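What follows is a short report on a single structure.
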Amino acid sequence: MGFLDRLTGTRHPDTGVAPRSAAEVRAALLAVNGPGVPYRVRNALPQERADLVAEWRVPERRLTLTTRMRLVPARHEVRAVDEQWEARPREDSRTYVRGQVTAVSREWKFERGADGRLRLNEVFRFDPSEMKEPLRGAVLRAGWTWRGVLFGL
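Counting along the sequence shown from 1, when you hit position 74 you're at 99 in the working numbering, and nothing is skipped either side.
Quick look at the structure:
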């Protein structure tokens, strides 16, 4: 694995795993959806210029993470790019990130424990890997490469 692969989060399947068809990879990615996950995987809209989109919205934080995926059957790879939007009303600012989003967002709060001492408690956590790892795993189990890209698809 080269430096650029490490930077973009590219992963290759284990040796000996036979690549499945594009339809099977698409079905495996859509199967990541479920009642216990906070995100959804869906077919992309034409203006999204992708085959599939995984989308995680956190309305109370005004935060959205999307992973756009394009299936490339000729190379047995899924090309993926992340986009994150966040609006911070207290700071009156908006942020947009494109590429490979790996930063974990956390919010902490001081609270008094049962013994009366101040404790630092985590009140919010947003980890993009909770969405990306199941997607990446589905692709790798299908014998395809997960190729993270920084620009375009």
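We treat Cβ as the ideally placed atom computed from N, Cα and C, and that holds for glycine.
In this text, all values refer to a predicted model and were calculated from it rather than measured experimentally.
- At a Cβ-Cβ threshold of 8 angstroms, residue 38 and residue 170 count as neighbours.
- An exposed status is given to residue 177, since fewer than 16 other beta-carbon atoms sit within 10 Å of its beta-carbon.
- Spatial neighbours of residue 132 in its own chain (CB-CB distance under 7 angstroms, excluding positions within 5 residues in sequence) are listed in chain order as 148, 149.
- The three-state secondary structure of residue 72, taken from DSSP, is helix.
- Residue pairing from DSSP places residue 79 in a beta bridge opposite 66, 92.
- In the three-state reduction of the DSSP assignment, residue 41 falls in the coil class.
- Beta-bridge pairing by DSSP links residue 170 to 102.
- Ranking 124, 30, 129 by CA distance to the CA of residue 94 puts 124 first.
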